Amino acid sequence: MSENDQKGVKFIRALLVTTGAVATLGFLVQLSEVASEFLAAARACFGLPLSVLLVYLEFRPVPLLQQYASFYYSYMGRALLQLLLAVMLLPAGFFQVCAFTMLFMTGFICAALELSSSAPELPSFRNDGRALSIGAEEDDDMI
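Using the working numbering, you'd call the opening residue of the sequence shown number 10 and step up by one each time.
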């Protein structure tokens, strides 16, 4: 991997971690409004774990995540996830507006990286020999 690719990977990872952290803060603020707006808090209950996984996955692999949520392991999957999180987040406060903007922009950046032929592969995208489908690691022969 060339030096430019390493700088690009570091930048993309920093962007994803920052976006995930700000989105997590935005969903925490949205969750705190459970008394005034229940549906916003319900959306935050779904968005919070998805945004926490965006950050956590950049530092450490999650067991079985690749089998059940393989969209975390491609640029297009992360782009769609970030656009979904942006739609789930109601931009009412400062953190929520920042998170909405960052999620929306990062979603389009990830989609552009998926369509680019020279996009570097992130270390968190590596398969490490695990199967991508449920039960594919078992070698059962049917007779």
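Ideal Cβ placement from N, Cα and C applies to all residues, glycine included.
These figures come from a predicted structure and were not determined experimentally.
| said: Assuming contact is defined by CB atoms lying nearer than 7 Å, are phenylalanine 36 and alanine 53 in contact in what I supplied? | reply: yes
| query | Are tyrosine 84 and glutamate 123 touching if we call contact CB-CB under 7 Å? | reply | yes
| task | Consult DSSP for arginine 87 and reduce its assignment to one of helix, strand or coil. | result | DSSP places arginine 87 in helix when its eight states are reduced to three.
| field | Where valine 71 falls: helix, strand or coil (DSSP) | value | coil
| message | Checking 7 Å against the spacing of the C-beta atoms, do glycine 116 and leucine 98 come in under that value? | response | In this structure, glycine 116 keeps its C-beta atom at 7 Å or more from the C-beta atom of leucine 98.
| Would a C-beta distance cut-off of 7 Å place valine 64 and glycine 29 closer than the cut-off? | yes
| Which residues in the same chain have their Cβ closer than 8 Å to the Cβ of leucine 141, if we skip the five residues on either side of it in sequence? | Below a pLDDT of 50, predicted positions are generally treated as unreliable, and leucine 141, at 46, falls in that range; no measurement from the model is reported.
| said: For glycine 138 and tyrosine 81, I'd like the C-alpha separation in whole angstroms. | reply: Reliability of the predicted coordinates at glycine 138 is poor, the pLDDT of 49 falling under 50, and the value obtained from them is presented with this limitation in mind. Taking the straight line joining both Cα atoms gives about 16 Å.
| What are the boundary residues of the alpha helix (DSSP H) that glycine 29 is part of? | 12–40
| field | Cβ distance (whole Å) where alanine 108 is taken to contact valine 43 below 8 Å | value | Not confirmed; about 18 Å, so no contact.
| message | So, with DSSP's three-state summary, where would you put arginine 52? | response | helix
| Residues near glutamate 12 by beta carbon distance below 8 Å, same chain, minus five either side | none
| query | What span of residues does the alpha helix (DSSP H) with phenylalanine 103 cover, start to end? | reply | Taken as a continuous stretch (DSSP letters only), the alpha helix (DSSP H) holding phenylalanine 103 covers 103–124.
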